[in-house]
Amino acid sequence: MSDVLSLCYHAVSDRWPAGFAVSADQIERQVSGLLERGYVGSTFSAAVLDPPAQRTLTITFDDAYRSVFEEARPVLEPLGVPATVFVPTALVGSERPMAWPGTDHWLGSAHEAELTPMSWDELGELHALGWEIGSHTRTHPHLPAIDAEAMRDELEGSRSDLAERLGEPCTSIAYPYGDWNDEVVAASRRAGFSAGGALAGRVRRPDAMLWPRVGVYGKDGPARFRVKASPAMRRLRRTGLWRARFLLRRLR
Ligand SMILES: [Zn+2]
528 MSDVLSLCYH
538 AVSDRWPAGF
548 AVSADQIERQ
558 VSGLLERGYV
568 GSTFSAAVLD
578 PPAQRTLTIT
588 FDDAYRSVFE
598 EARPVLEPLG
608 VPATVFVPTA
618 LVGSERPMAW
628 PGTDHWLGSA
638 HEAELTPMSW
648 DELGELHALG
658 WEIGSHTRTH
668 PHLPAIDAEA
678 MRDELEGSRS
688 DLAERLGEPC
698 TSIAYPYGDW
708 NDEVVAASRR
718 AGFSAGGALA
728 GRVRRPDAML
738 WPRVGVYGKD
748 GPARFRVKAS
758 PAMRRLRRTG
768 LWRARFLLRR
778 LR
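The sequence shown lines up with residues 528 to 779 when you count with this note's numbering.
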């Protein structure tokens, strides 16, 4: 059985003290380390539906911050690794800072500009480079908390926004906040998605619609990252979550 390692990043910045921002240097070191260990880069859908290698690496970015285009693309391009961006389709292209509970305290701060999403042209450029552009719904809600009709609009709507903008059907979705339940997964399938990104530590039985991605954060130093990315720790997070949390807490 092949090992599919999926990393979940958000913003890319060495100036923004947000927990979910990592520096371009961090990404470069983390990804080159994995390539040296024999991982082969792939887009998210390909990785979870039909992994191209024994050790497959898929790098994903949630929320489509502009810093992914400006900071991550220049380090990933020379490494020859295509990434996947999960886009809240009603919010990108607006040039207005995106915010929701958990990030809205940056509005009005000196770092507000970090919340700016990519434009559709920038997403088109990444797509032309071989990156996958997937859905992160239309407006980034907690999907389990909204009614069936709103859920359908978020899922089907974002999928058709992407098809219209990129001229190609969209196959993948990342559930905002890593939040899902059985109904969310079933509704995503009905909306036409065949690959779904969740977060490690919240998935016991991975499948293509519920793939546990390893969230990577600014505080993850080399040792902590190596352990988080290891097959043993990923297994432990599926079966012995508390032990995994205890071990991770001790690492930098
Ligand atoms: Zn998100």
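Ideal placement from N, C-alpha and C gives every residue a C-beta, glycine not left out. It should be emphasised that the depicted structure is a prediction, and the values quoted were computed from it without experimental measurement.
For this session: Return the chain-ordered ranges of every beta strand (DSSP E) run that is complete within the region 716-769 and spans a minimum of 3 residues.
Result: 722-726 and 738-742
For this session: Check whether the Cβ atoms of residue 719 and residue 535 lie closer than 8 Å to each other.
Result: no
Exercise. Which of helix, strand or coil does DSSP assign to residue 617?
Worked result: coil
Problem set entry | alpha helix (DSSP H) runs contained entirely in the region 599-665, provided each spans 4 or more residues | For the region 599-665, the continuous alpha helix (DSSP H) assignments of 4+ residues that do not extend past its boundaries occur at 600-606 and 647-655, in sequence order.
For this session: Could you check if residue 766 is buried or exposed, using at least 16 other CB atoms within 10 Å of its CB as the buried criterion?
Result: exposed
Exercise. Nearest-angstrom Cα distance between residue 785 and residue 770?
Worked result: Residue 785 falls outside the range modelled here, since the chain spans only 528 to 779, and no answer is possible.
For this session: Could you tell me whether the Cβ atoms of residue 617 and residue 587 are closer together than 8 Å?
Result: The Cβ atoms of residue 617 and residue 587 lie no closer than 8 Å to each other.
Exercise. Are residue 712 and residue 678 closer than 8 Å when you measure CB to CB?
Worked result: Between residue 712 and residue 678, the CB-CB gap reaches or exceeds 8 Å.
Exercise. What do you reckon, is the C-beta of residue 706 under 7 Å from a heavy atom of ligand 1?
Worked result: no
For this session: Using only the heavy atoms of ligand 1, determine whether one of them is closer than 7 Å to the beta carbon of residue 590.
Result: Yes; taking the cut-off as 7 Å, the Cβ of residue 590 has a heavy atom of ligand 1 nearer than that.
For this session: Compute the minimum distance between the beta carbon of residue 628 and the heavy atoms of ligand 1, and state whether it is under 7 Å.
Result: No, the beta carbon of residue 628 sits no closer than 7 Å to any heavy atom of ligand 1.
Exercise. Do you know offhand how far residue 620's Cα is from residue 761's?
Worked result: Rounded to whole angstroms, the separation of the alpha carbons of residue 761 and residue 620 is 35 Å.
For this session: List the endpoints of the continuous beta strand (DSSP E) containing residue 588.
Result: Unbroken beta strand (DSSP E) run through residue 588: 582-589.
For this session: Tell me whether residue 752 is buried or exposed, calling it buried when 16 or more other Cβ atoms sit within 10 Å of its Cβ.
Result: buried
For this session: Say whether the region 588-601 touches the region 540-558, bearing in mind that this needs 3 or more beta-carbon pairs closer than 8 Å, one atom from each stretch.
Result: At 8 Å Cβ cutoff, the stretches touch.
Problem set entry | Outcome for residue 553 when other beta-carbon atoms lying within 10 angstroms are tallied against a minimum of 16 | buried
Exercise. Thinking C-beta only, is residue 759 closer than 8 Å to residue 740?
Worked result: no
Exercise. Exposed or buried, what is residue 581 when buried is set at 16 or more other beta-carbons lying within 10 Å of its beta-carbon?
Worked result: exposed
Problem set entry | Neighbourhood of residue 562 by C-beta distance below 8 Å, restricted to the same chain and skipping five residues each side | 568, 584, 606 and 608
Exercise. Any heavy atom of ligand 1 closer than 7 Å to the Cβ of residue 644?
Worked result: Incorrect: residue 644 has no Cβ contact closer than 7 Å to ligand 1.
Exercise. Taking the alpha-carbon positions, what's the residue 744 to residue 548 distance?
Worked result: 6 Å
For this session: Assign residue 568 to one of three DSSP states: helix, strand, or coil.
Result: strand
Problem set entry | DSSP three-state assignment for residue 548, whether helix, strand or coil | Looking at residue 548 - three-state DSSP - the assignment turns out to be strand.
Problem set entry | residue 685: first and last residue of the uninterrupted alpha helix (DSSP H) it sits in | 675-693
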